[in-house]
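For the sequence shown, numbering that gives the first Met the number 0 begins at 0 and goes up steadily by one. Cβ atoms here follow ideal geometry from the backbone N, Cα and C, with glycine treated the same way. Have a look at the structure below before the remarks.
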Amino acid sequence: MIKLGSMIKWIKMSNFALLAISITIGLATLLWVDIDIGLNKAFAQEATGETHGASATAEKSSSNMMGMGLLAAALSTGISAIAAGIAVAMVGSAAMGAVAERPEVMGRSIIFVGLAEGIAIYGLIISIMILGKI
0 MIKLGSMIKW IKMSNFALLA ISITIGLATL LWVDIDIGLN KAFAQEATGE
50 THGASATAEK SSSNMMGMGL LAAALSTGIS AIAAGIAVAM VGSAAMGAVA
100 ERPEVMGRSI IFVGLAEGIA IYGLIISIMI LGKI
């Protein structure tokens, strides 16, 4: 028999995990769009007759864009890994409880844990895409 207090606690934790996942996906998307727009602006113009001062400014701007790209890649990997850790912690503990009661649900519980780990993989893919643009 399920107690109401434990069910309310589970609902609150699942909302927290959903919020963490939503924030991670939103930040990764925002960083991807920001870097994509910035790199397109940085490399869209072709240099025809630059002076020394303009060349130094362009080099500094390119260096800043490289730094922002590396920061975006690091953030998308790090935040998605944290969100995946939170999701796996919640899903894994629930899965082990379910397997303890009914061992035949082991295969399904592994699938749910794998889906939670997919969040980290998506963050890594976004990082690789960002690094490919730099």
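**Prompt:** Under a three-way DSSP split, which group does residue 101 fall into?
**Reply:** Judged by DSSP in its simplified three-state form, residue 101 adopts coil rather than helix or strand.
**Message:** Counting C-beta neighbours from all protein chains within 10 Å, is the total for residue 6 16 or more, i.e. buried, or is it exposed?
**Reply:** For residue 6, the predicted model reports a pLDDT of 49, less than 50, meaning its position is unreliable; a value from the coordinates is still stated below. Result: exposed.
**Item:** Assigned secondary structure, residue 133 (DSSP; H/G/I helix, E/B strand, else coil)
**Value:** Three-state result, residue 133: coil.
**Prompt:** Can you list, in chain order, the residues of its chain whose CB lies under 6 Å from that of residue 119, leaving out five sequence neighbours each side?
**Reply:** By the criterion of a C-beta distance shorter than 6 Å, residue 119 is surrounded in its chain by 79, 80 and 83, once the five residues flanking it on both sides are discounted.
**Item:** Nonlocal neighbours in the same chain, by C-beta distance under 6 Å from residue 126, ignoring five residues either side
**Value:** Here the set comprises 72, 75 and 76.
**Message:** Quick check: residue 105 and residue 98, are their CB atoms within less than 8 Å of each other?
**Reply:** Yes, these two residues count as a Cβ contact at 8 Å.
**Prompt:** Nearest to residue 129 by CA position, among 22, 21, 112 and 29, is which residue?
**Reply:** Selected option, being the one with the closest Cα: 29.
**Euclidean distance between Cα positions of residue 94 and residue 112** = A straight-line Cα-Cα distance of about 8 Å links residue 94 and residue 112.
**Item:** Distance CB(residue 131)-CB(residue 23) smaller than 8 Å
**Value:** For residue 131 and residue 23, no; Cβs fall outside 8 Å.
**Item:** CB contact check: residue 120 to chain D, cutoff 8 Å
**Value:** In the structure shown, chain D does not exist; there is a single protein chain.
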